[in-house]
Structures are given as structure tokens and as C-alpha cells.
Amino acid sequence: MDSERNPNAEILKELYELGKNDLDSAMGGAMMVDILNRKDCPPDLPENAFEFRRKFFLRKVASRRLGKEFIP
């Protein structure tokens, strides 16, 4: 049961990509931000989000997680 509540890194990456490709950008962006805010967020996702130019808020969350200065 714990594995259902705590997905592994591969599942989180797949969910992140699902959010990235969602036609509803608000819903997809919310999914991506939720994953970035998890303690168990895979370490490569914040860097991916920081470089993702389409979503302003997503880059802001990623920059905070990476400890980088956010420049819009």
C-alpha cells in the first residue's frame, strides 16, 4: 500500500511528462508544480522545469528548489 501512496522516481517523471504534454495547460502545470514540490521529487526535474520556457510559474518554483535566482 505504501508504494501506491509514494510513487517511485520513474512514476513521478512519467506524471511530470504527462502534465507537460497536457492540452489543459493549467491542469498540466499544476501537476508539474505538485511534483516539483514533493520531497521525493527526482533531482533532474527541477533543472528540467527551470529550462522550460513556456510556464512562468513552473520556472519560479524550479528556481526556488534549485536555489537559483529567478529572472522572468
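Letter by letter, the sequence shown follows residues 8 to 79 of the numbering used here. Every residue, glycine too, gets a C-beta built ideally from N, C-alpha and C.
| For M38 and A16, the rounded distance between their alpha carbons | One alpha carbon belongs to A16, the other to M38, and they sit about 15 Å apart.
Quiz prompt | Distance between R12 and L43 (C-alpha atoms, nearest Å) | solution = Near 16 Å, if we compare the C-alpha coordinates of R12 and L43.
Notebook entry, point to check: Run through DSSP, which three-state label would A67 get?
Noted result: The sequence given here places Lys at residue 67; Ala does not occur at that position. Here K67 sits in helix by DSSP.
- Task: Could you work out which residue in V40, F59, L65, C48 is closest to I18 when comparing CA atoms only?
- Result: Among V40, F59, L65, C48, the Cα nearest to that of I18 is on C48.
| field | C-beta atoms of R72 and P53 nearer than 7 Å | value | Yes, these two residues count as a Cβ contact at 7 Å.
Taking the straight line between their C-alpha atoms, what separation do you get for Y23 and D29? For Y23 and D29, the distance between alpha carbons rounds to 10 Å.
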